[in-house]
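A.B. asks: First residue of the sequence shown: 0, per numbering that gives the first Met the number 0; consecutive thereafter.
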Amino acid sequence: MTDMSDLGEVTARPAMSSPATSKIGEVILDVHSISLNFGGVKALSDISFDVREHEIRAIIGPNGAGKSSMLNCINGVYQPQQGTISFRGKTFKHMNSREVAEMGVARTFQNLALFKGMSVLDNIMTGRNLRIKSNLLWQAFRNPFGIGPAQREEIAHREFVEQIIDFLEIQPYRKTPVGQLPYGLQKRVDLGRALAMEPQVLLLDEPMAGMNVEEKQDMCRFVLDVNSEFGTTVVLIEHDMGVVMDISDRVVVLDYGKKIGDGTPQEVRSNPEVIKAYLGTSH
Ligand SMILES: Nc1ncnc2c1ncn2[C@@H]1O[C@H](COP(=O)(O)OP(=O)(O)OP(=O)(O)O)[C@@H](O)[C@H]1O
Ligand SMILES: [Mg+2]
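#1: DSSP three-state label for Asp49, please.
#2: Using the Cβ count rule (16 or more neighbours within 10 Å means buried), how would you classify Ser32?
#3: Kindly identify the DSSP beta-bridge partner or partners of His31.
#4: In whole angstroms, give me the CA-to-CA distance for Glu272 and Glu266.
#5: Between Val252 and Leu28, what straight-line distance do the alpha-carbon atoms span, to the nearest angstrom?
#6: Quick one, which of Lys215, Ser34, Glu25, Glu153 has its alpha-carbon nearest Lys257's?
#7: Tell me whether the beta-carbon of Asn122 lies closer than 7 Å to the beta-carbon of Val188.
#8: For the candidate residues Ile73, Ala155, Arg87, whose alpha-carbon lies nearest to that of Gln81?
#9: Give me the Cα-Cα distance between Val285 and Ala64, rounded to the nearest whole angstrom.
#10: Kindly provide the chain-ordered list of residues whose Cβ lies closer than 6 Å to any non-hydrogen atom of ligand 1.
#11: Can you check whether the CB of Glu25 is closer than 7 Å to the CB of Glu54?
#12: Kindly list the residues whose CB is nearer than 6 Å to the CB of Ser44, restricted to its own chain and excluding five residues on each side of it in sequence; keep chain order.
#13: In angstroms, rounded to a whole number, what distance separates the CA positions of Ile163 and Ala195?
#14: So what does DSSP say about Phe91, is it helix, strand or coil?
#15: What are the uninterrupted segments assigned as alpha helix (DSSP H) that are 4 or more residues long and contained completely in the region 128–216, given in chain order?
#16: If you count every other CB in all the chains shown that lies within 10 Å of the CB of Asp165, and 16 or more means buried, which is it?
#17: With a cut-off of 8 Å on the beta carbons, I'd call Val303 and Leu202 a contact; round off their distance for me.
#18: When the cut-off is 7 Å and only beta carbons count, does Gly178 lie next to chain C?
#19: Can you tell me whether Glu8 is buried or exposed, with buried defined as 16 or more other CB within 10 angstroms of its CB?
#20: Classify Gly60 as buried or exposed, calling it buried when 16 or more other Cβ atoms lie within 10 Å of its own Cβ.
#21: Which complete beta strand (DSSP E) runs does the region 216–262 hold, if anything under 3 residues is left out?
#22: Is the distance from the Cβ of Asp204 to the Cβ of Phe108 below 7 Å?
#23: Could you say which of Met207, Glu213, Arg220, Phe221 lies nearest to Met240 if we only look at CA atoms?
#24: Is the number of C-beta pairs between the region 172–185 and the region 100–120 that are closer than 8 Å three or more?
#25: Let me confirm a value: Lys215 is counted as buried when at least 16 other C-beta atoms fall within 10 Å, else exposed. Which label applies?
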């Protein structure tokens, strides 16, 4: 669990400017009255919040608060018993992960979901799968004497992946099996896999967990760069309050499946209910 007494303390802060709030647009993702139960466990109770285009929206809360479950509802892994989720004004009750991905929502995982034996390049390439149009029939018609559409497409995808590798500064490890990389770099590869989907909304589940200060600073920088350079909207679960206070535009606070706070980092930091939850005095 986070050191919850340090709400407002800034740790692991890289030298960076604050998020460019001026570029924040319309609501892109609207979570309305979501409830999710696992048997008797109420993982989420009537949660509503919105995410605006181009913002960095943090979701925080103690362990078991329902943060990962919330992301799982947004990206179609869990089907909530109640509530709806709207993406660019289109409302959904049930969607599967593929439909969500096709709409432009990508995510990284709290427990890495990479192929450890595969290279960095090939792992990131798996993020392109949705965009690979050539089907098996096209591939069967590969032209042995020249470059056919399937090969041309593959070259374009590889070039895109190489750009992501450059952006994330992992060129030296392109061919390295992911399982041989330090944890911090594996997290970066997972981000690369998500970026390969060219998402409009990027859901990050504790991208800095288990990292040392330097690795956290790097990851913060990449998240900010993705946000500012590509305009990608980011929903970020993070335990490090310093990071949250530093890089997010707005913060949702969950505790025992309930929303107990929502606002700017400053507003949330001074919310008595949030302080109580984090100090663990009573519930
Ligand atoms: N697949 C599942 N089956 C049963 N219970 C689950 C499942 N997923 C989550 N839960 C329960 O739902 C609650 C919320 O869990 P969740 O993983 O969303 O919390 P979290 O805020 O992400 O916690 P952490 O900070 O530890 O990652 C917990 O009580 C958890 O045990
Ligand atoms: Mg979690």
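The beta carbon of each residue, even a glycine, is placed where N, CA and C say it ideally should be. Remember, predicted model here, so these are calculated numbers, not experimental data.
C.D. replies: Concretely, from the data shown:
#1: strand
#2: exposed
#3: Answer is Thr83, bridged to His31.
#4: 11 Å
#5: 17 Å
#6: Ser34
#7: yes
#8: Ile73
#9: Residue 285 falls outside the range modelled here, since the chain spans only 0 to 282, and no answer is possible.
#10: Phe37, Val40, Ala42, Gly60, Asn62, Gly63, Ala64, Gly65, Lys66, Ser67, Ser68, Gln109
#11: no
#12: Cβ neighbours of Ser44 beyond the five flanking positions: Ser34, Gly256, Lys257.
#13: 7 Å
#14: strand
#15: 135–139, 148–166, 182–194
#16: exposed
#17: The question about residue 303 has no answer, for the chain in this structure spans 0 to 282.
#18: In summary, chain C is missing from the structure at hand, where a single protein chain is found.
#19: Confidence is the limiting factor: at Glu8 the pLDDT is only 37, short of 50, which leaves the residue's position unreliable and the question unanswerable from this model.
#20: With 16 or more Cβ atoms within 10 Å of its Cβ, Gly60 is classed as buried.
#21: 232–236, 249–254, 257–262
#22: Contact flag set, yes.
#23: Residue Met207 is the option with its Cα nearest to Met240.
#24: Result yes; three or more Cβ-Cβ pairs closer than 8 Å.
#25: buried
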